[in-house]
Amino acid sequence: MCLRSTPPSHRRRPQEVNFKNLGKTKVVPERIDFPKSHRSPWAFGFTWRTKSYADMTPQSQQTHNVCIYINTAGKKILIFVRRFWDTGASEYTSQLVVAMIELGLADGSLIDELIELTAQSLSHLEIQERFNIVKEIGRGKYGKVLLVTHRFRGTPMALKVMPKASTKLQGFLREYCISLHLSCHPCIVGLFGIAFQTDEFYCFAQELVIGRDLFAVIQPKVGIPESAVKRCVLQIASALEFIHSRGLVHRDVKPENILLLDNHCCQVKLADFGLAQKRGTLIRFITGTLPYMAPELCTMALLDGQNEVTTPPLSVEPSLDTWAFGVVIFCILTGYFPWERCVDADDFYVDFADWCSKEERPDTDEDIPPLWRRFTPEALEMFAKLLAVDVGKRCTVGEVREYVEKDWLKKTDANAQQETAEKAKARSSSGENPVYSNVVQQA
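UniProt numbering applies: residue 1 is where the sequence shown begins, and numbers increase by one.
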């Protein structure tokens, strides 16, 4: 829905406004309270409903939307708000929802605007007041995810529940607002625009994705079929490009955060923005390393007994996601990690870094690191760009499209992978224990 009309002057408050492109929908101006720090010269909201006012009662008025215009330093922004009618408390619970659609250039500062607005309207209620809890469907360091249905609408949702004891309010707001800002992309998990706090938890509702994550279907030391890998890669590349175009970096690209809507990777969605940051944010240290972390990030890790690192702060850049994306492609093609972490003490990493850093990379099997000999020259070229140790030479995630039409695995390896996958499928359908494992093994 696009509103092309110019918002009325903040000096006037007309009783009713009709926009032609909204048809017969009634639009009523509504004042919005903004933080004192918000420097908008004007801000106005409009409420629209799909029924005529004569047909509406507070009890039947389940939802309505509010459109807020903000003009900051010449930049026009359009934010949608969905409000749910609370039949118990007889008041509106206001939540920012759906997407922040910019009418100007993308800018990370918009996240700060959205965080301020969300902090103002964060409701305090108990989960059972709004939702019926069906079961727990996920758990991690952050907290847990519950399968719930909305008590008044019946909509199934995934409710992310984060303990206040281990979650800072600012961190919760940042994750929620970044997720909300990006959720309009088809390859990113959507949000319902519902965020609230209880006495013990911070919560927000997201799209329910019925299926497993990519990590759960990787067959150890085999991977998944190349055709499925390419379908997955194209979608995640699109999601990451969108994230980077908004001035953000995901920072946690890994198979566990890629959700499958089917068993053949025809549709996947990128999830979990708990570590996402604005581009240019400075990192002073990290508390652990993973195989997906770029070498420049691994140097920021605190070693045992260390209280601080000696390296200068690192700027968060899309190149961190590019590296992780390259490692993910390797993992799902092969079924194992290329290395444990990107440090000089890891021989697997050192072998690859030495080979990749050469001006003219040798392409004979004897010169290629053992773990990489199954790949075609075209695939090796792609990996050398995605996993360039020199950040300045690292490509963008979108450049993988140049290689999708080419073979990535040598024919012998591709045939062996296909045979193993067919055996796994037959074994699973015959009632034996499934071959697919939740463990990606180190070679």
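Cβ coordinates follow ideal geometry from the N, Cα and C atoms, glycine included.
Residue burial classification, residue i (beta-carbon count within 10 angstroms, cutoff 16)
i, result
"D213", "buried"
"T244", "Just to set this straight, residue 244 is His in the shown sequence, not Thr. Counting Cβ neighbours within 10 Å, H244 comes out buried, since at least 16 surround it."
"W323", "buried"
"Q277", "buried"
"T364", "exposed"
"T412", "exposed"
"Q235", "buried"
"C266", "exposed"
"R174", "buried"
"P338", "buried"
"I111", "buried"
"F196", "buried"
"E113", "buried"
"L302", "exposed"
"T310", "exposed"
"S183", "buried"
"K385", "buried"
"H124", "exposed"
"D199", "exposed"
Coil, strand or helix - residue i by DSSP
i, result
"M293", "coil"
"E360", "coil"
"Q219", "strand"
"I283", "strand"
"Q259", "For clarity, residue 259 is Leu in the given sequence; the question names Gln instead. Correct three-state label for L259: strand."
"V350", "helix"
"G398", "helix"
"P369", "coil"
"V327", "helix"
"D407", "coil"
"D213", "strand"
"L169", "helix"
"V389", "coil"
"L320", "helix"
"H124", "strand"
"H264", "coil"
Residues that DSSP places opposite residue i in a beta bridge
i, result
"P156", "T149"
"Y176", "Beta-bridge pairing links Y176 to no other residue."
"L248", "K278"
"V161", "K144 and C203"
"F196", "S123 and C203"
Bounding residues of the alpha helix (DSSP H) (the contiguous stretch that carries residue i)
i, result
"E226", "E226 to S245"
"E136", "Note, E136: premise wrong, no alpha helix (DSSP H); beta strand (DSSP E) at F131 to G140."
"L386", "P377 to L386"
"residue 494", "No answer is possible for residue 494: the residues shown for the chain start at 1 and end at 443."
"C342", "Segment: none, C342 is in no alpha helix (DSSP H) and carries neither H nor E."
"P312", "Taken as a continuous stretch (DSSP letters only), P312 belongs to no alpha helix (DSSP H), as it is neither H nor E."
"S121", "S109 to S121"
Endpoints, the beta strand (DSSP E) within which residue i is located
i, result
"A301", "Per DSSP, A301 belongs to no beta strand (DSSP E) and is neither H nor E."
"I188", "Run containing I188: none; DSSP gives neither H nor E here."
"L270", "V268 to L270"
Whole-angstrom C-beta distance between residue j and residue i, which should lie under 8 Å
i, j, result
"F204", "I188", "That pair is no contact at about 15 Å."
"residue 483", "I283", "Outside the modelled stretch of the chain, which goes from 1 to 443, sits residue 483, for which no answer is possible."
"D407", "E381", "About 12 Å; that fails the 8 Å criterion."
"R279", "P318", "7 Å"
"P255", "I332", "6 Å"
"I218", "I224", "6 Å"
"K160", "Q206", "6 Å"
"F325", "V253", "6 Å"
"G398", "A294", "That belief does not hold up - the Cβ atoms of G398 and A294 are roughly 18 Å apart, past 8 Å."
"Y142", "G335", "That pair is no contact at about 27 Å."
"W355", "P370", "Not really, about 11 Å apart at Cβ, beyond 8 Å."
"A271", "L259", "5 Å"
C-beta neighbour in chain C for residue i, strict 8 Å
i, result
"P377", "In the structure shown, chain C does not exist; there is a single protein chain."
Any non-hydrogen atom of the ligand ADP within 7 Å of residue i CB
i, result
"A379", "As presented, the structure is devoid of all ligands, the ligand ADP included, so that no description of it is given."
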